[in-house]
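Q: Dropping the structure in here first, questions after.
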Amino acid sequence: MSDNQNLLAEQRRALILDEVRRRGGVRVNELTRKLGVSDMTVRRDLDALARQGAVAKVHGGAVPVAEASTHEPGFEAKSGLEPTAKEDIARAAAELVVPGAAIALSGGTTTYALAHRLLDVPDLTVVTNSVRVADVFHSAQRTAGQRPGAATVVLTGGVRTPSDSLVGPVADQAIAALHFDLLFLGVHGISVEAGLSTPNLAEAETNRRLVQSARRVVVVADHTKWGTVGLSSFASLEQVDSLVTDAGLPGAARAEVSEHLRELVIAGGPATPADDA
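Residue numbers for the sequence shown follow this note's numbering, beginning at 1 and rising by one.
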């Protein structure tokens, strides 16, 4: 059977991952029929997902990785998951930022994607506890020089996590003294019951400070974060103004989100105010 050239490897792997999570496991021969690709292509995709830590390979197929609520993947492992969704979310979230705003970006691979989209927005003040996010702005300024309107970046101190965020008392104290117009918050998990959560206790406290210091809270999270619960909750859905996610979020989840948030933005689609849901 010839490979379906219209389906990119990244798209195939996202579909495979969704199927594994939904069904609790898949077989290679099932995926070849479903995707219309060769056995070898499916096995390469499973190898790639296994290297990212997204699935565990078993004889003849793959199953979900059993993760404890305290498991915190590193930045590189997370960056390989749902890249297209993250770019779509970043593009939609960037439209919420106006020139001259004071904004905050938490740690995470989706906020990292967003940072790249904000480089051309003039006169921003950017507060972040993410080493990776700060590097996006600093690298751009080193390359282009200190041009008029370049962002002013405030990087909090703190203890570095596996996802390259700075957390702990130093970060908390710095954030508590600041006030920003807009917070873009990446999350490990989001659900109606647990709200926003993370496997890192210190990061949970730092995220609480970020939420408290923001006039508007925007969560940027792809659809795979829905229903995931980390060890520590740090905000309820009622404390979130907007969720920017991708089209992979199921209809039932969209309805649940809209009951608790002021605004749901599906990247590539129109914003959905809760009153209209």
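Glycine included, C-beta positions come from ideal geometry on N, C-alpha and C.
(1) Given G195, which residues of its chain have a CB within under 6 Å of its CB, disregarding the five upstream and five downstream residues?
(2) Using only CA atoms, which one of H116, Q52, A102, S197 lies nearest to V154?
(3) Could you tell me whether the Cβ atoms of A54 and L114 are closer together than 9 Å?
(4) Report the three-state DSSP secondary structure of V265 (helix, strand or coil).
(5) Please go through the same chain and pick out, in chain order, the residues whose beta-carbon is closer than 6 Å to the beta-carbon of L15, but skip the five residues on each side of it.
(6) Spatial neighbours of L249 within its chain, please: CB distance less than 8 Å, with the 5 preceding and 5 following residues excluded, ordered by chain position.
(7) Which class does S38 belong to by DSSP, given the choice of helix, strand or coil?
(8) Specify the secondary structure class of L49 as computed by DSSP and reduced to three states.
(9) What residue range is occupied by the uninterrupted alpha helix (DSSP H) comprising G251?
(10) Given a threshold of 16 other Cβ atoms within 10 Å of its Cβ, counted over all protein chains shown, does G186 qualify as buried or as exposed?
(11) Please report the straight-line C-alpha distance between A174 and G108, rounded to a whole angstrom.
(12) Distance, Cα to Cα, T84 vs R209?
(13) If distances are taken between C-alpha atoms only, which option among P99, K86, R13, E82 comes closest to A62?
(14) Look up T152 in the DSSP assignment and say whether it is helix, strand or coil.
(15) Label P99 either buried or exposed according to how many other C-beta atoms from any shown protein chain fall within 10 Å of its C-beta, with 16 as the threshold for buried.
(16) Pull up the distance between the alpha-carbon of A56 and that of I89, whole angstroms please.
(17) How is P64 classed by DSSP in three states: helix, strand or coil?
(18) Quick one: what does DSSP say V167 is sitting in, helix, strand or coil?
(19) Using a Cβ-Cβ cutoff of less than 8 Å, which residues in the same chain neighbour V211 once the five nearest sequence positions on both sides are dropped?
(20) Excluding five sequence neighbours on each side, which residues of the same chain lie with their C-beta closer than 6 Å to the C-beta of A92?
(21) May I ask which residues mark the beginning and end of the alpha helix (DSSP H) holding L15?
(22) Just the C-alpha distance for A177 and T156, rounded to the nearest angstrom, thanks.
(23) Determine the closest residue to N207 out of R44, V167, G25, with distance taken between C-alpha atoms.
A: In short, the structure shows the following:
(1) S233, A235, S236, L237
(2) Comparing Cα positions, the closest option is A102.
(3) no
(4) strand
(5) none
(6) H223, W226, V257, I266
(7) coil
(8) helix
(9) 251-260
(10) With a threshold of 16 other beta carbon atoms within 10 Å, G186 meets it and is buried.
(11) 19 Å
(12) 30 Å
(13) R13
(14) Three-state result, T152: strand.
(15) exposed
(16) 27 Å
(17) The DSSP-derived three-state label of P64 is strand.
(18) strand
(19) L183, L185, V217, F234, A235, Q239
(20) If we look at A92 and ignore the five residues flanking it on each side, its Cβ neighbours are V244, V265, A267.
(21) 9-23
(22) 11 Å
(23) V167
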